[in-house]
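J.: Each step along the sequence shown adds one to the number in UniProt numbering, with nothing skipped, and position 110 is 110.
Here it is, the structure, as structure tokens.
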Amino acid sequence: MHKFKDLEIWKRSRLFCSQIYSMTSKFPDSEKLGLTNQLGRASVSIPSNIAEGSSRKSNKDFSRFLEMTLGSAYEIETQILIAYDLRFISELELNDLDKELTEIIKMISKFKSTLKI
Numbered sequence: 001m002h003k004f005k006d007l008e009i010w011k012r013s014r015l016f017c018s019q020i021y022s023m024t025s026k027f028p029d030s031e032k033l034g035l036t037n038q039l040g041r042a043s044v045s046i047p048s049n050i051a052e053g054s055s056r057k058s059n060k061d062f063s064r065f066l067e068m069t070l071g072s073a074y075e076i077e078t079q080i081l082i083a084y085d086l087r088f089i090s091e092l093e094l095n096d097l098d099k100e101l102t103e104i105i106k107m108i109s110k111f112k113s114t115l116k117i
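Right, here's the structure in full:
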């Protein structure tokens, strides 16, 4: 069992989630049930799945939860590109979010590879 609050991937993904919420607060009201909701749910699922997975008794179970976090990360990657296409975010915002998300994905993948299954 891992202490999720001590994991850098959890800390970083939690901050990233806050960035997503800040960004989507500027989206048009018509997107509240669309892209805003999707991005919020996907960003919350990353630190949430890390926390839930860390409570599992086996590394195999934890690894499965980390796999779900990667799925959510790639979902966010697609959604921020769509937000950019729709001109909801600037190129600079896109690049900043993409850079941070790429780092989180690398960290999750590396951590997952260290788990003895």
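Glycine residues also receive a C-beta, built at the ideal position from the N, C-alpha and C atoms.
(1) Might you give, ordered along the chain, the residues of its own chain that have their beta carbon closer than 8 Å to the beta carbon of GLN38, omitting 5 neighbours on each side?
(2) Just to confirm my understanding: we take SER48, look at its own chain, exclude 5 residues before and 5 after, and list those with CB closer than 6 Å. What are they?
(3) At the level of alpha carbons, what is the spacing between LYS32 and TYR21?
(4) Compare the C-alpha of LEU7 against each of ILE104, LYS116, ILE117 and name the closest.
(5) For a quick check, are the C-beta atoms of GLY53 and THR36 less than 9 Å apart?
(6) Could you check what DSSP says for SER58 in three-state terms: helix, strand or coil?
T.: Per the coordinate set shown:
(1) The count along the sequence shown starts at 1 and reaches residue 38 at position 38. If we look at GLN38 and ignore the five residues flanking it on each side, its Cβ neighbours are GLU75, GLN79.
(2) The count along the sequence shown starts at 1 and reaches residue 48 at position 48. So the list is empty, once near-sequence residues are dropped.
(3) Within the sequence shown, the letter at position 32 stands for residue 32. Within the sequence shown, the letter at position 21 stands for residue 21. Answer to the nearest angstrom: the Cα atoms are 12 Å apart.
(4) For the purposes of this step, residue 7 is taken as residue 7 along the sequence shown, with counting starting at 1. Out of ILE104, LYS116, ILE117, the CA that lies nearest to the CA of LEU7 is found in ILE104.
(5) By one-based count along the sequence shown, residue 53 stands at place 53. By one-based count along the sequence shown, residue 36 stands at place 36. No, the pair does not count as a contact, with Cβ atoms beyond the cut-off.
(6) If you number the sequence shown from 1, residue 58 lands on position 58. Here SER58 sits in coil by DSSP.
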